[in-house]
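**Student:** Below: one structure in structure tokens.
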Amino acid sequence: MSPQGIEWTFMVLAYVFVGCRLYVRLYMRGLRLYSADYWLIAGLMSCQGLLICDTLTYSMNAMDDFTITSVSLDKIRFATNYFFDTGIYFPKFSIIAFYYNLVPPTHPHMRIALHILTVITGAFALVTFFGDTFWCGPDPSVNWRTSDESCTVFSSMDLMRLNWSLNFITEVLNVAFPFPLIFDLSLRSRREKVALGVIFALGTITIGVSIGRFVTMLHVSNDISIYIWATAEICISVIVVALSALRPLLRKLSGMVSTDQAKQTLNSHEGHGSVLGNWTQGSSEHCYGNGIWGTFDWERGRIESYWGDFEDAAGINT
Numbered sequence: 001m002s003p004q005g006i007e008w009t010f011m012v013l014a015y016v017f018v019g020c021r022l023y024v025r026l027y028m029r030g031l032r033l034y035s036a037d038y039w040l041i042a043g044l045m046s047c048q049g050l051l052i053c054d055t056l057t058y059s060m061n062a063m064d065d066f067t068i069t070s071v072s073l074d075k076i077r078f079a080t081n082y083f084f085d086t087g088i089y090f091p092k093f094s095i096i097a098f099y100y101n102l103v104p105p106t107h108p109h110m111r112i113a114l115h116i117l118t119v120i121t122g123a124f125a126l127v128t129f130f131g132d133t134f135w136c137g138p139d140p141s142v143n144w145r146t147s148d149e150s151c152t153v154f155s156s157m158d159l160m161r162l163n164w165s166l167n168f169i170t171e172v173l174n175v176a177f178p179f180p181l182i183f184d185l186s187l188r189s190r191r192e193k194v195a196l197g198v199i200f201a202l203g204t205i206t207i208g209v210s211i212g213r214f215v216t217m218l219h220v221s222n223d224i225s226i227y228i229w230a231t232a233e234i235c236i237s238v239i240v241v242a243l244s245a246l247r248p249l250l251r252k253l254s255g256m257v258s259t260d261q262a263k264q265t266l267n268s269h270e271g272h273g274s275v276l277g278n279w280t281q282g283s284s285e286h287c288y289g290n291g292i293w294g295t296f297d298w299e300r301g302r303i304e305s306y307w308g309d310f311e312d313a314a315g316i317n318t
């Protein structure tokens, strides 16, 4: 497969998973889009912008030769930095918006930590944006003046290390943040707790890809694989965030399979007096944390109701 084929494969997968998330939100649940969804869509558009820039670069035969330069090519490379370096923060803002629905008011310390995480992520995103704009001076047009090659944002290794460090720190913080809350929630089903943990742990995939990109950029100064690593990182980041809202769709698909299996079993037992009980799958799980009982709604990604202490909840749970 060609390098462009690999990149567009990641892009198509990102579209599919985001589309599935919107389907769950708008059609399966009949809800409006939340801020987390809009941030995720912005991240998807950044992926698309990056792929367009890469495709144009590839058409100029400059994807594996960074020494090729022209005004139009340098402008494309300058835009590439915005789409990737700044765009990769949009999925982070999406998951942070999700965390604001996930963390209940009964966890004030977690809420404070979430505010700090928001400030850090926002500040790092702004530093990245202004760094990409003014790294070579107050006039950004110096980046595409072929007569002056003393500085370009695209080729600056110091800026690359700075942007990667800021991105990596926020990525680790975003992945690590929800686990204290997950451990504190006593979900009725251990399987549900594991499932919730796995969803958030998927963020480690993005961390691994980010490390791979960084190592590649340090040791390979002029190779097409750098583009592929960058595309993979931002697209996987979007996919991982989209997965956090796909559980209802997966449950529906698994329910269809289970129903077919049940029908086959029923048909195989006809005339033998076998009776299959009816079963349903709810969209929420009762949970307990910090002395408070509530209902965790998977579709909305938050605790929907609070019942008080264990004794108050006992009558509801029976």
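The opening residue of the sequence shown carries number 1 in UniProt numbering; numbering runs sequentially from there. Heads up, the beta-carbon is just placed ideally off N, CA and C, and yes, glycines get one too. As the structure is a prediction and not an experimental result, all values here were calculated from the model.
Kindly indicate which three-state DSSP category M160 falls into: helix, strand or coil?
**Tutor:** Three-state DSSP puts M160 in a helix.
**Student:** N143 and D85 look like a contact to me (Cβ under 8 Å); what is the Cβ gap, rounded to whole Å?
**Tutor:** Not quite, the Cβ-Cβ distance comes to about 14 Å (not below 8 Å), so this is no contact.
**Student:** Would you call P105 buried or exposed, if buried means 16 or more other Cβ atoms sit within 10 Å of its Cβ?
**Tutor:** The residue is exposed, with fewer than 16 neighbouring Cβ atoms inside 10 Å.
**Student:** If contact is defined by three or more beta carbon pairs under 8 Å, each pair taking one atom from either stretch, is the stretch 42-50 in contact with the stretch 62-76?
**Tutor:** No, the stretch 62-76 is not in contact with the stretch 42-50.
**Student:** So, under 8 Å CB-CB, S35 and A113 are touching, yes? Tell me the CB distance rounded to an integer number of Å.
**Tutor:** Not really, about 19 Å apart at Cβ, beyond 8 Å.
**Student:** Answer yes or no: do T121 and K92 have a C-beta to C-beta separation smaller than 8 Å?
**Tutor:** Yes; because the gap between Cβ atoms is below 8 Å, this pair is in contact.
**Student:** Grab the span of the alpha helix (DSSP H) containing S72 for me, first residue to last.
**Tutor:** Taken as a continuous stretch (DSSP letters only), the alpha helix (DSSP H) holding S72 covers 71-81.
**Student:** Looking at the unbroken alpha helix (DSSP H) that takes in P108, where does it start and where does it end?
**Tutor:** That run of the alpha helix (DSSP H) goes 108-134.
**Student:** Would the beta-carbon of P178 fall within 8 Å of that of Y100?
**Tutor:** Not closer than 8 Å, so no.
**Student:** Going straight from the alpha carbon of V175 to that of N167, what length do you get?
**Tutor:** Taking the straight line from one Cα to the other gives about 12 Å.
**Student:** Given that a residue counts as buried once 16 or more other Cβ atoms are within 10 Å of its Cβ, and exposed if not, what is I76?
**Tutor:** With 16 or more other Cβ atoms within 10 Å, it is buried.
**Student:** Which two residues bound the contiguous alpha helix (DSSP H) that contains W8?
**Tutor:** Counting along the chain, the alpha helix (DSSP H) containing W8 begins and ends at 3-23.
**Student:** How many Å lie between V103 and T231 at the Cα?
**Tutor:** C-alpha separation (whole angstroms): 31 Å.
**Student:** So for P105, helix, strand or coil by DSSP?
**Tutor:** If DSSP states are grouped into helix, strand and coil, P105 belongs with coil.
**Student:** If distances are taken between C-alpha atoms only, which option among V172, S59, I224, G137 comes closest to L202?
**Tutor:** Ranking V172, S59, I224, G137 by Cα distance to L202 puts V172 first.
**Student:** Verify the CB distance criterion: does L73 have a CB-CB separation below 8 Å to chain D?
**Tutor:** Judged by its chain identifiers, the structure shown contains no chain D, having just a single protein chain.
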